[in-house]
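Asks: Chains as they are written, first to last, in UniProt numbering: chain A, 1 to 431; chain B, 1 to 431; chain C, 1 to 431; chain D, 1 to 431. Ideal Cβ placement from N, Cα and C applies to all residues, glycine included. Being a predicted model, the structure only gives us computed values, none of them experimental. Right, I'll just put the structure down here and ask away after.
Number of protein chains: 4
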Amino acid sequence: MIPRYSRPQMASIWSDQSRYEIWLEIETLAAEAMEQLGTIPAGTSKVLRDKGAFDIQRIDEIEREVKHDVIAFLTSVSEHAGPEARFMHQGMTSSDVLDTCLAVQLTRAADILLADIDALLAALKRRALEHKYTVTVGRSHGIHAEPTTFGLKMALGYAEFTRAKERLLRAKEDVGTAAISGAVGTFAHLDPRVEAYVAEKLGLKPEPVSTQVIPRDRHAMFFATLGVIASSVERLATEIRHLQRTEVGEAEEFFSEGQKGSSAMPHKRNPVLTENLTGLARLVRGYAIPAMENVALWHERDISHSSVERLIGPDATVTLDFALARLASVIDKLVVYPEKMKENLERGGGLVHSQQVLLALTQAGVSRENAYRLVQRNAMRAFRGEGEFLAFLKADADVTAALAPEKIEALFDPQHHMRNVDVIFGRVFGA
Amino acid sequence: MIPRYSRPQMASIWSDQSRYEIWLEIETLAAEAMEQLGTIPAGTSKVLRDKGAFDIQRIDEIEREVKHDVIAFLTSVSEHAGPEARFMHQGMTSSDVLDTCLAVQLTRAADILLADIDALLAALKRRALEHKYTVTVGRSHGIHAEPTTFGLKMALGYAEFTRAKERLLRAKEDVGTAAISGAVGTFAHLDPRVEAYVAEKLGLKPEPVSTQVIPRDRHAMFFATLGVIASSVERLATEIRHLQRTEVGEAEEFFSEGQKGSSAMPHKRNPVLTENLTGLARLVRGYAIPAMENVALWHERDISHSSVERLIGPDATVTLDFALARLASVIDKLVVYPEKMKENLERGGGLVHSQQVLLALTQAGVSRENAYRLVQRNAMRAFRGEGEFLAFLKADADVTAALAPEKIEALFDPQHHMRNVDVIFGRVFGA
Amino acid sequence: MIPRYSRPQMASIWSDQSRYEIWLEIETLAAEAMEQLGTIPAGTSKVLRDKGAFDIQRIDEIEREVKHDVIAFLTSVSEHAGPEARFMHQGMTSSDVLDTCLAVQLTRAADILLADIDALLAALKRRALEHKYTVTVGRSHGIHAEPTTFGLKMALGYAEFTRAKERLLRAKEDVGTAAISGAVGTFAHLDPRVEAYVAEKLGLKPEPVSTQVIPRDRHAMFFATLGVIASSVERLATEIRHLQRTEVGEAEEFFSEGQKGSSAMPHKRNPVLTENLTGLARLVRGYAIPAMENVALWHERDISHSSVERLIGPDATVTLDFALARLASVIDKLVVYPEKMKENLERGGGLVHSQQVLLALTQAGVSRENAYRLVQRNAMRAFRGEGEFLAFLKADADVTAALAPEKIEALFDPQHHMRNVDVIFGRVFGA
Amino acid sequence: MIPRYSRPQMASIWSDQSRYEIWLEIETLAAEAMEQLGTIPAGTSKVLRDKGAFDIQRIDEIEREVKHDVIAFLTSVSEHAGPEARFMHQGMTSSDVLDTCLAVQLTRAADILLADIDALLAALKRRALEHKYTVTVGRSHGIHAEPTTFGLKMALGYAEFTRAKERLLRAKEDVGTAAISGAVGTFAHLDPRVEAYVAEKLGLKPEPVSTQVIPRDRHAMFFATLGVIASSVERLATEIRHLQRTEVGEAEEFFSEGQKGSSAMPHKRNPVLTENLTGLARLVRGYAIPAMENVALWHERDISHSSVERLIGPDATVTLDFALARLASVIDKLVVYPEKMKENLERGGGLVHSQQVLLALTQAGVSRENAYRLVQRNAMRAFRGEGEFLAFLKADADVTAALAPEKIEALFDPQHHMRNVDVIFGRVFGA
């Protein structure tokens, strides 16, 4: 997490200030519940609401001595709230506070990411509808295959990020549990209803069975899901990088006035935003493995997960937030060149229609193997630059024996490939 | 995927025979649909049902020449089915067959894994109920914390694998789509209803928008999910390895008659099964990253994902199947030593009750900080082996000023920690 | 490791037959050494040399009972060699055999990989010299930058795989140690000279300090190195995939007679080999993480590394061997299109010479910022397709105020970029 | 990289201030070389030395407009140095500055890490010599195996980090190259001697063949090496965590006055430092994969590697620096309990001597299989807690038929296992 790739709202979730505020809220809510249950005398929660405060510098100072962050925090709060706060944290263990706080942070982070995805979806949908019938060549293996439309490319992204959204919703739910269950999760000194109360107030669910900590398979699933979403970011970014290649030139990242592409070569306009997204995706993906390694804690917990989460908690969410927002902006402002798409499509001299010919030949009674051979031999000549594919076909007696020249010509109409675009759009965007 | 870590049912999903059978089924179903829609003349599907066959050696032979597996397969089928099969595969692209087949294989694999998890859950539940109140020490940081029960450890595993099951169900659904959409996904030469028909017959959903391939974010999510489940396997395996340590000795993998623990040291009984599971988890987890790297294919597809999937498709599912089955068996036959658990719990001379004392002191009006100090100074003496914790407390005037010795003694009853076990079991296993 | 991506020589290293042969050799050499040192009576090694044999099926059978592979092997050998073999393995532990065997396998595998790299280097050098001065456009961000040569691209690969070779030599050395040090590495029942003898005979070094096993940081380094080399394979493969794109068309994988590019589109010639290499690189890279996770074994060893190595030992080496050999063949037979390179270079209307102009302007006294602005404004017009860059410059009074038109024209000579090619080749290939 | 896990010296390498200082130094050195070669008029370098300065806020401001960091930097420097600086950066490309700077940063980081390792080695050596003959039980699979010494455990760490040092030295060398080769690495507007001059002054080597960038296989190797070293940190940390377990209690992290182990349980002293190291190792290891994914840049470069390096450059080096320093301190201050080691060793009732008995039996003429059976049957009874292993052996007629009771007793002397400790120390620490 570095300022260059951070947005303030997401970054602020991970500030010391936010964390301690959440801790204080958890302690206060727990005290409220205990008071209601009569476990502790009334008054603590009111004191915490009225005078509960902390001092970050003071916490740091205490922590340097006691080497324990929650104890340092509680001491600082006690210093503000006075002796009446002494029932705060009763029967709880540090992880009750830490893990419930992390759940709050991760669900808040998930909410921002969900909003990011919504913005991206809106951009993708707008561009999809705009270019629903903008013909472009479909490429497999980087090689021209058959016509498709630019709108379909955007629709593909839309469908992919709709899945991303569903996955993130599940991951948010997975990670959204609170535990106020004590030293080894037995509620030895706690009433389980405290946990239920705190959870409900924070929009979380109680963890059905915890140890000292909330099980880390939940967090592993969360970060793995971010890794998959980041990989979808990379896919769309890679598509745009390809389209912007000099030789392709079908689309281009918006290049603002005043922007400089290269210190040495003033002519350059580079797809630096999507290249950047490709790198960011590698980072987010990379955090999935440490998160999975965090699952196998020893017995009722060891603290090895903590350092990992202190870094990847912010790093993964902040980076993915930045990446999604950047991608939405790239899509939104993408400069699209339909003329260039048409030009590229046609440059192959109609080779992209080879399957049409193949099918027409088989339908005219030629065996599949022979049809393939006939088409390939003419395609290869065209591919070698010896002339036009259509002309070769019309001059090939074996071909014309099955298909009349006019029939062959009709097979070279790109509109043929448009006929089910509407069906697909219906599936993706609804009727 | 090596025989040592394979079970036949899962491995057979990935055999050449299975794959080609699924391909043939897909081609036959597609022909049926096309015939119903009138796209191809009636007859092909019947020919395929009656005479459709393939010869693996022949396919290999053809593939060596044409360097294309689906073409080799179609040729072999044609050789068996004769010229009437020439409408087979019409308008389809190889990936229509390959990707729909992969969806069939992965959903079948998921079904086996789901059954594996069910068996594991059954074993965990049985052992949880059996040991619901078997007292054992809970450990955080590998250090004695407070009492818990062995049943709770099993219940924790049960809850974790219940989550694993839910995740796998979603991952199965995510990866369970069919695409019969042609060269670049436009249905240029196909009716979308063919896809719908084939999908339904195979228990899949139609892919809303595909390119030449089904988008790989689906597969990435699938393999990432397997990685998270494998990490849960590792967690439980690590727990057992710890319990079997010589100094702990609280549980032990079943050691069969005739088994030899060590070639050099005949006295040894090693937790080799759970150590093995730890390694297998590393493998399955490792496959998540290549699967995520597979997402960013170029344009309407490149084939870089294929080699990855040829290996990790079998490797990840076969290894996880083996691991889950092994874990279920380990749990089922685990030899548990409640006496040893009791002995270990007591070895600390009651230090595990320090929080009870801490709470009683604060409830008796001592400030949190002072109570902590009082308990810690006596605990540390006991920890250093200078004597019994309880005795020290009863001899500490500052402590007895707040708590009468009989009161202190009562705090040392492990039963105190059992009072919410039933609540937790209710949450995990239902009322 | 699947036949499709395996070559027999590398695969055979990992066969049961090979492994047991190496085990027998280790046991025999150890017996020789012990006899020479008088630790065991003379005769065992001769018996092992003369009658030492094993039966794989029999080993499997015994292992099913005793659940210990080395004990099963020793029993099978004893059955062949008779009672005189009873001093075999004396004082040794299974890992002495297993780990020393793995060192033999990995160093043999490294030797094959080194030979693969040599073949690749030879192909790269040949193509580099062939195309030393074949001008092509250099691209940064996928955008035309300045001219370079195709030979330099090959030289870059040559230098990179020279580094790969050096890294592999070190990794081979790192992993090339033998341990015959007994149950926990103390040589309690062994003379360290046995280890030294066995190591020397096998071309290994003695492990300075082992536990029950050879430390796994060695293996982690080995597999991490393979991952880096695989990433270099991916880089070169990606270069070729880009060059073969329809719009670029500067080079092409050799496409054999009879080969079929697509089942549906007979015109296609796809870079399937290099796409495949991209996928294989992901696999090999992915094995680095489990190998690193293998390092932290418990105390004097746990066996969690074993299952990992049983899979990634073969998988990583066999896959990388296949990939390197495939890459060498791709480079060797790569079809290069210098005319197309020239055409692409020129398509930008000389924009690639913008830096030349920029420099000439600054040398003529224009400030860096102004020069940049002058060049960029003309470049952008050309980039937008409004006309020729050279013409715009010659018509820009601010430019011609500093540079005469003839001077500008001279700046557009690609030969300017060739002048240090020979220097670079000297650095890479020697004088 | 977060303050909690950062040390100032390493962190400062990655500050904006440091980076721009290195950039300025590179520009100045390049100008010096160009002046000496007569490529640019004399004066620029003197101006840069005398008046060369930059303003970080101003750079940020300019970058927001031009979206290019090096151009922003050059502009800021120009604003300070005036028009005489206009020959600065002539013929160079941004990456010449960026990549050479990164090489300086990574080699400086490597130097700090090397010093860290030296400090760790010193601590390990001191503790190894101190505990050379401190007997402790060796454990395989977490199960008592045979005696070893605590000094050998430290010697193992010493040997492992000696390897880590060698690997890091190579990685430093690998990454220590400068490139001042222009837009696509052809030295089109530069004399290669400029690169040589700058490299030498910065303690780097010239990159033999670069594109726009220094090839990323070098960086991948660097970060992969850090990942392997981090895994060695994890191994040693895991060892200590095990030794500190309540039931084992053989060693303990130093626990300072005032330190608090648990907010709830005042008796606890947890191995939090080594648990923390375990987590940090996961992080550093995780950065290896993105670094490897960075290798396959497109053509003469794309900028996807940049965002990755901006994060993992600091994160990996700062985290590993922190981890190595923490580990050195843990080892240095580790509290070792030899009495507890002895107690644990003896708790098995001599089972750890089973191999001694096995060997004595075979040497007395019993076949290997029979000897194994005899030892195992008595060991298992002892293991089940039915009595003492030694007593069982002496009461087993089949055993005493081969070995007299006194002979058996003599086999139970732990000193037997010490006889080669000195040999091993000689190998590790030299004579």
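1. From the beta carbon of Val-228 (chain B), is the nearest beta carbon of chain C less than 8 Å away?
2. Span of the alpha helix (DSSP H) holding Arg-49 (chain D)?
3. Are His-305 (chain C) and Gly-279 (chain B) closer than 8 Å when you measure CB to CB?
4. Please return the same chain residues whose Cβ sits closer than 7 Å to the Cβ of Ala-251 (chain D), not counting the five positions on each side in sequence.
5. Is the separation between the beta-carbon of Thr-162 (chain A) and that of Leu-121 (chain A) shorter than 8 Å?
6. Among the candidates D:Ala-360, D:Asn-276, D:Glu-207 and D:Ala-188, whose CA atom is the shortest distance from the CA of Asn-408 (chain D)?
7. Using a Cβ cut-off of 7 Å, pull out every chain G residue sitting near Pro-290 (chain B), in sequence order please.
8. For Glu-252 (chain D), does the three-state DSSP call read helix, strand or coil?
9. Excluding the 5 residues flanking residue 432 (chain B) on each side, which residues of the same chain have their C-beta closer than 7 Å to its C-beta?
10. Enumerate, from N- to C-terminal direction, the unbroken alpha helix (DSSP H) stretches of 4 or more residues contained entirely within the UniProt domain "Adenylosuccinate lyase C-terminal" (349-429) of chain A.
11. Using a Cβ-Cβ cut-off of less than 8 Å, give me the residues of the segment 169-185 of chain B that come near chain A, in sequence order.
12. What's the C-alpha gap between Arg-58 (chain A) and Ser-76 (chain A)?
13. Taking the alpha-carbon positions, what's the Gln-212 (chain D) to Ala-53 (chain B) distance?
14. Straight-line CA distance for Ser-307 (chain B) to Asp-191 (chain A)?
15. Using a C-beta to C-beta distance shorter than 9 Å, which residues of chain A count as neighbours of Val-295 (chain C)?
16. With a threshold of 8 Å between beta carbons, is Arg-326 (chain B) in contact with chain A?
17. Excluding sequence positions up to five away, which residues of its chain have a Cβ less than 7 Å from the Cβ of Leu-351 (chain A)?
18. Looking only at its chain, what residues have a beta carbon closer than 8 Å to the beta carbon of Asn-294 (chain A), apart from the 5 residues adjacent to it on each side?
19. Pro-271 (chain B) lies in the beta strand (DSSP E); which residues open and close that run?
20. Where do the N-terminal and C-terminal ends of the beta strand (DSSP E) with Glu-146 (chain D) fall, by residue?
21. Just checking, does the segment 105-121 of chain B make contact with the segment 309-324 of chain B on the three C-beta pairs under 8 Å criterion?
22. Taking 8 Å as the threshold (C-beta atoms), are Thr-177 (chain A) and Pro-206 (chain A) in contact?
23. Would you kindly check if the distance between the Cβ of Val-233 (chain C) and the Cβ of Leu-327 (chain C) is under 8 Å?
24. By the 9 Å beta-carbon criterion, what residues does the segment 302-320 of chain C contribute toward chain B?
25. Counting only the same chain and skipping the five closest in sequence on each side, list residues whose C-beta sits under 6 Å from that of Gly-185 (chain A).
26. Here's a check: name, in chain order, each residue in its chain whose Cβ is nearer than 7 Å to the Cβ of Phe-138 (chain C), leaving out the five neighbours to either side.
27. How would you write the range of the beta strand (DSSP E) that Gly-138 (chain A) sits in, first residue to last?
28. Against chain D, with Cβ distances strictly below 8 Å, would Ser-6 (chain C) count as a contact?
29. Can you list the residues of chain B that Glu-247 (chain D) reaches, using a CB-CB cut of under 8 Å?
30. Fully enclosed by the segment 18-89 of chain A, which alpha helix (DSSP H) runs are 4 residues long or longer?
31. With distance defined between alpha-carbon atoms, name the residue in A:Gly-249, A:Gln-363, A:Ala-288 and A:Ala-42 nearest to Glu-339 (chain A).
32. Leaving out five residues on either side along the sequence, give the residues of the same chain with a beta carbon under 6 Å from the beta carbon of Trp-14 (chain D).
33. Which of the three DSSP states, helix, strand or coil, is assigned to Ala-296 (chain C)?
34. Can you list, in chain order, the stretches of the alpha helix (DSSP H) that have 4 or more residues and sit fully within the segment 174-240 of chain B?
35. Along chain A, which residues have their Cβ under 8 Å away from the Cβ of Val-423 (chain B)?
36. Just the Cα atoms here: how many angstroms apart are Phe-114 (chain D) and Met-292 (chain C)?
Replies: So, from the listed chains and residues:
1. no
2. 44-51
3. yes
4. Ile-240, Leu-243, Gln-244, Leu-334, Val-335, Val-336 and Tyr-337
5. Contact: yes.
6. One point to set straight first is that residue 408 (chain D) is Ile, not Asn, in the sequence displayed. Cα-wise, what sits closest to Ile-408 (chain D) is D:Ala-360.
7. In summary, chain G is missing from the structure at hand, where the protein chains are A, B, C and D.
8. strand
9. No statement about residue 432 (chain B) is possible, as the shown extent of chain B runs from 1 to 431 and does not include it.
10. 354-363, 368-383, 389-394, 397-400, 405-410 and 421-429
11. Within the segment 169-185 of chain B, contact with chain A at the beta-carbon level (separation under 8 Å) is assigned to Arg-170, Asp-174, Gly-182, Ala-183, Val-184 and Gly-185.
12. One C-alpha to the other measures close to 7 Å.
13. Gln-212 (chain D) and Ala-53 (chain B) have their C-alpha atoms roughly 55 Å apart.
14. 54 Å
15. Those do not exist, as Val-295 (chain C) stays about 13 Å from chain A at its closest Cβ, beyond 9 Å.
16. no
17. Within the same chain, Leu-351 (chain A) has close Cβ partners His-144, Ala-379, Ala-382, Phe-383 and Phe-389.
18. Residues Arg-216, His-219, Ala-220, Ser-304, His-305, Val-308 and Glu-309 of the same chain have their beta carbon placed closer than 8 Å to that of Asn-294 (chain A), with the five preceding and five following residues left out of the count.
19. Neither: Pro-271 (chain B) is in no beta strand (DSSP E) and is coded neither H nor E.
20. 143-149
21. yes
22. yes
23. yes
24. Asp-302, Ile-303, Ser-304, His-305, Ser-306, Ser-307, Val-308, Glu-309, Arg-310, Leu-311, Ile-312, Pro-314, Asp-315 and Thr-319
25. Ser-210 and Thr-211
26. Looking at the sequence provided, one finds Gly at residue 138 (chain C) rather than Phe. Once the five neighbours on either side are set aside, the close Cβ partners of Gly-138 (chain C) are Ala-145, Glu-146, Pro-147 and Thr-148.
27. In the DSSP annotation of this structure, the continuous segment of the beta strand (DSSP E) that includes Gly-138 (chain A) starts and ends at 135-140.
28. Not closer than 8 Å to any Cβ of chain D, the Cβ of Ser-6 (chain C) fails to qualify, so no.
29. Arg-245, Glu-247, Val-248, Asn-344 and Arg-347
30. Complete alpha helix (DSSP H) runs here, min 4: 44-51, 56-66 and 69-81.
31. A:Gly-249
32. Pro-314
33. coil
34. Listed in chain order, they are 192-201.
35. Phe-187 and Pro-192, listed in chain order.
36. In the sequence as presented, Phe is not what sits at residue 114 (chain D); that position holds Leu. Roughly 20 Å separates the two Cα atoms.
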